[in-house]
Amino acid sequence: MPSSSQKLIAGVVAERAPGERRVAIVPSDVRRLESKVTLLVEHGAGQAAGFTDEAYALAGATLTNREALLAQAAVIVAVRFPADVDSWREGALLISLGTRDTALEAALAKRRVTHLGLERVPRIARAQSMDVLSSQAAIAGYAAVLEGARSLNVMLPMLTTAAGSIKPARMIALGAGVAGLQAIATARRLGAITHGFDIREAAREQVESVGAKFIHPATPLASADGSGGYAAEQAAEEQERLRRALAPELASMQLIITTAQVPGRRAPLLIDAATLGTLTPGTVIVDLAAESGGNCEATRPDELVDVAGVRILGPTNLPSTVATDASRLFSGNLRSLLEHLLGAEGQLRLDSGDPITGPLLGNRAPINTASHPPTIVA
Ligand code: NAD
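Counting the sequence shown from 1 gives a position; my numbering is that position plus 520.
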């Protein structure tokens, strides 16, 4: 175990992106990391997620301002890619989301800051506990149903009263990965009649295991299992066949949660203008693929669009609406990753040949390894 004077110094910065309420490390994980890492926390970093400066201090963190934190920390952890990297010192290591923004990645490279991009956690069993995309997708699936339910003019559960009966709403998840399955499970708990669809054959059993009906569009479609559990992109004609086959299934739904994604590509378009025209007014679509182009043609990121009475929501940061639990899971993923990077002896190792660290580095060598002290003296 490293002595306190040799422990790695890591800094938790406050998020500055508009609307971002999560924090990268929560107090309980400060305590769990204590034997290997000295944690600096920017004042107020956890406030929006419900974690006070006092809670961090009690857990053993040192509260400080951003400038002092950036000057001392060898490793900086954040949820979103911080915008102020221009002022960072060379040789720092940043662990955060943000690999999809090539301009920001370039800014980091210019500053000679190494970035471990959390979108690149590989889908291997050993890295499951570090998979931030999965933990946050599960929360987004849950929150999407709540957002959708609030926008619906009908109830999700069946209700029988002396004044008459209300039928349960019909819900479908298009894309039955982590977010879609959680959306189905949540809608089912709220009493909706649930359905699921995915182009990966493996999703059928998973949809049925959470109590939903797997939709078989009338037209036979090619299964599109890609590598690592992800879907492969379909050809344009196959996508068009899929849209036409799905349209009649969607016409009877009140709540449609779309989550279909293909890594590195524009999200597949599943609901075009023609399909929108066939939906019943009052239908609500929550499009979780809004940031990567949307599964619905009318989706606008973080806007509510009304097309002839069909309402389309495109929220891009639903985990932030449940910031306490989203932060807890994000922090658990980061703790697991830090433990992997530090190893038993508490030395930071950035091995680009490692099956987890390599992909996180984008399969590039760490920048400026020489000025990257494996441990720094506190
Ligand atoms: P994702 O966010 O990339 O995509 C969401 C879903 O959209 C996927 O299920 C995908 O098949 C589906 N999709 C893509 N194109 C579609 C289309 N045209 N029509 C309908 N659906 C379409 O995926 P995800 O939710 O992160 O996970 C996908 C799978 O990988 C799941 O089975 C999940 O359990 C698995 N997974 C495994 C690990 C691991 O082993 N460590 C980690 C994360 C996820």
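Cβ coordinates follow ideal geometry from the N, Cα and C atoms, glycine included. No experiment lies behind these values; they were computed from the predicted model shown.
Give the DSSP-derived three-state secondary structure of A732 in the structure shown. Position 212 of the sequence shown, counted from the start, is the residue given in the question as residue 732. DSSP places A732 in coil when its eight states are reduced to three.
Where does L560 land, buried or exposed, given buried means 16+ other C-beta within 10 angstroms? Here residue 560 refers to the residue found at position 40 when the sequence shown is read from its first residue. Classification for L560: buried.
Can you tell me whether N837 is buried or exposed? The criterion is at least 16 other CB atoms within 10 Å of its CB, across all chains shown. Taking the sequence shown and counting its residues from 1, the one referred to as residue 837 is at position 317. By the 10 Å Cβ count, N837 comes out buried.
Output the distance between the C-alpha atoms of A707 and T714, rounded to the nearest integer angstrom. Walking along the sequence shown from the start, residue 707 turns up at place 187. Walking along the sequence shown from the start, residue 714 turns up at place 194. Cα to Cα, the separation comes out at about 7 angstroms.
Taking the beta carbon of D621 as the centre, do at least 16 other beta carbons fall within 10 Å, making it buried, or is it exposed? Along the sequence shown, read from residue 1 onward, the residue named residue 621 stands at position 101. Exposed: under 16 other Cβ atoms inside 10 Å.
Exposure label - R542; buried when at least 16 CB within 10 Å: The count along the sequence shown starts at 1 and reaches residue 542 at position 22. It is buried - the Cβ of R542 has at least 16 other Cβ atoms within 10 Å.
Does D845 come out as helix, strand or coil in the three-state DSSP assignment? Translated into positions along the sequence shown, residue 845 becomes position 325. Three-state DSSP puts D845 in a helix.
Exposed or buried, L585, counting other C-beta atoms within 10 Å across all chains shown (16 or more means buried)? For the purposes of this step, residue 585 is taken as residue 65 along the sequence shown, with counting starting at 1. Reading off the sequence shown, one finds Asn at residue 585, where the question assumed Leu. Exposed, because fewer than 16 other Cβ atoms sit within 10 Å of the Cβ of N585.
Between G611, V546, A626, A565, which has its C-alpha nearest L591's C-alpha? Position 71 of the sequence shown, counted from the start, is the residue given in the question as residue 591. Looking at the sequence itself, residue 591 is Ala, so the reference to Leu does not match. That would be G611, whose Cα lies nearest to the Cα of A591.
Backbone CA spacing between P538 and P602 [nearest angstrom]: Taking the sequence shown and counting its residues from 1, one reaches residue 538 at position 18. Taking the sequence shown and counting its residues from 1, one reaches residue 602 at position 82. Straight-line Cα distance between these residues: approximately 12 angstroms.
Any chance the stretch 649 to 667 sits against the stretch 837 to 852, with 3 or more Cβ pairs inside 8 angstroms? yes
For A898, name the three-state secondary structure that DSSP assigns. Sequence index remark: in the sequence shown, residue 898 carries index 378 (1-based). Bear in mind that a pLDDT of 30 at A898, under 50, signals an unreliable position, so the number given afterwards is only what the model happens to contain. Three-state DSSP puts A898 in coil, outside helix and strand.
CB-CB length for T778 against L790, believed under 8 angstroms: If you number the sequence shown from 1, residue 778 lands on position 258. If you number the sequence shown from 1, residue 790 lands on position 270. About 6 angstroms; that satisfies the 8 angstroms criterion.
Under the criterion of a Cβ to heavy atom distance below 7 angstroms, does R643 qualify as lining the ligand NAD? On the sequence shown, position 123 is the one that residue 643 refers to. R643 Cβ: within cutoff of the ligand NAD.
Where the alpha helix (DSSP H) containing I659 begins and where it ends: Residue 659 sits at position 139 when you count from the first residue of the sequence shown. Unbroken alpha helix (DSSP H) run through I659: 652 to 671.
Between which two residues does the alpha helix (DSSP H) containing E703 stretch? If you number the sequence shown from 1, residue 703 lands on position 183. Going by the sequence as given, residue 703 is Ala instead of Glu. First-last of the alpha helix (DSSP H) with A703: 698 to 709.
Less than 8 angstroms between the CB atoms is what I'm expecting for I735 and E769, so what's the real figure, rounded? Taking the first residue of the sequence shown as position 1, residue 735 is located at position 215. Taking the first residue of the sequence shown as position 1, residue 769 is located at position 249. About 5 angstroms; that satisfies the 8 angstroms criterion.
Rounded straight-line distance, which links the Cα of F850 to that of A780: By 1-based counting over the sequence shown, the position of residue 780 is 260. By 1-based counting over the sequence shown, the position of residue 850 is 330. Distance between the alpha carbons of A780 and F850: 22 angstroms.
Tell me whether D651, by its Cβ, gets closer than 7 angstroms to a heavy atom of the ligand NAD. In the sequence shown, counting from the first residue as 1, residue 651 sits at position 131. Yes - the ligand NAD has a heavy atom lying nearer than 7 angstroms to the Cβ of D651.
Option nearest V641 by Cα separation, candidates T877, E811, R884: Within the sequence shown, the letter at position 121 stands for residue 641. In terms of Cα proximity to V641, the closest of T877, E811, R884 is T877.
Would you list the one or two residues that DSSP bridges to F717? By one-based count along the sequence shown, residue 717 stands at place 197. BP columns for F717 point to L694.
Just to confirm the assignment, what range does the alpha helix (DSSP H) spanning E554 have? Working through the sequence shown from its first residue, we reach residue 554 at position 34. Segment: none, E554 is in no alpha helix (DSSP H) and carries neither H nor E.
Does G834 come out as helix, strand or coil in the three-state DSSP assignment? The count along the sequence shown starts at 1 and reaches residue 834 at position 314. In the structure shown, G834 sits in coil (DSSP, three-state: anything other than H, G, I, E or B).
If we call anything under 8 angstroms between Cβ atoms a contact, is A598 one with S847? In the sequence shown, the residue the question calls residue 598 occupies position 78. In the sequence shown, the residue the question calls residue 847 occupies position 327. Their beta carbons are not under 8 angstroms apart, which means A598 does not touch S847 by this criterion.
Roughly how many angstroms separate the alpha carbons of L628 and L861, rounded to a whole number? For this step, residue 628 is matched to residue 108 along the sequence shown. For this step, residue 861 is matched to residue 341 along the sequence shown. If I take the Cα positions, the gap works out to 20 angstroms.
Is the closest heavy atom of the ligand NAD to the C-beta of I719 under 7 angstroms? Counting from one through the sequence shown, the residue named residue 719 turns up at place 199. Yes, the beta carbon of I719 sits closer than 7 angstroms to at least one heavy atom of the ligand NAD.
Bounding residues of the alpha helix (DSSP H) (the contiguous stretch that carries L766): What you label residue 766 is simply residue 246 of the sequence shown in a count that begins at 1. Here the alpha helix (DSSP H) through L766 covers 756 to 770.
Measuring straight from C-alpha to C-alpha, what distance separates T572 and G564? The residue given as residue 572 occupies position 52 in the sequence shown. The residue given as residue 564 occupies position 44 in the sequence shown. Using only the alpha carbons, I get a separation of about 7 angstroms.
Once the 5 residues before and after A767 are set aside, which same chain residues still bring their CB inside 6 angstroms of it? Indexing the sequence shown from 1 puts residue 767 at position 247. Counting only residues of its own chain and dropping the five nearest sequence neighbours on each side, A767 has a CB closer than 6 angstroms to the CB of T795, T798.
If you follow the beta strand (DSSP E) that D573 is part of, which residue opens it and which one closes it? Within the sequence shown, the letter at position 53 stands for residue 573. Counting along the chain, D573 falls outside any beta strand (DSSP E), though it belongs to the alpha helix (DSSP H) covering 573 to 579.
Given this structure, state the Cα-to-Cα distance separating A647 from E811, to the nearest angstrom. In the sequence shown, the residue the question calls residue 647 occupies position 127. In the sequence shown, the residue the question calls residue 811 occupies position 291. Using only the alpha carbons, I get a separation of about 25 angstroms.
Straight-line CA distance for L833 to G668? Looking up residue 833 in the sequence shown gives position 313. Looking up residue 668 in the sequence shown gives position 148. The straight-line gap from Cα to Cα measures roughly 8 angstroms.
Given A828, which residues of its chain have a CB within under 8 angstroms of its CB, disregarding the five upstream and five downstream residues? The residue you call residue 828 lines up with position 308 of the sequence shown. Excluding positions up to five away in sequence, the list reads L796, G797, P801.
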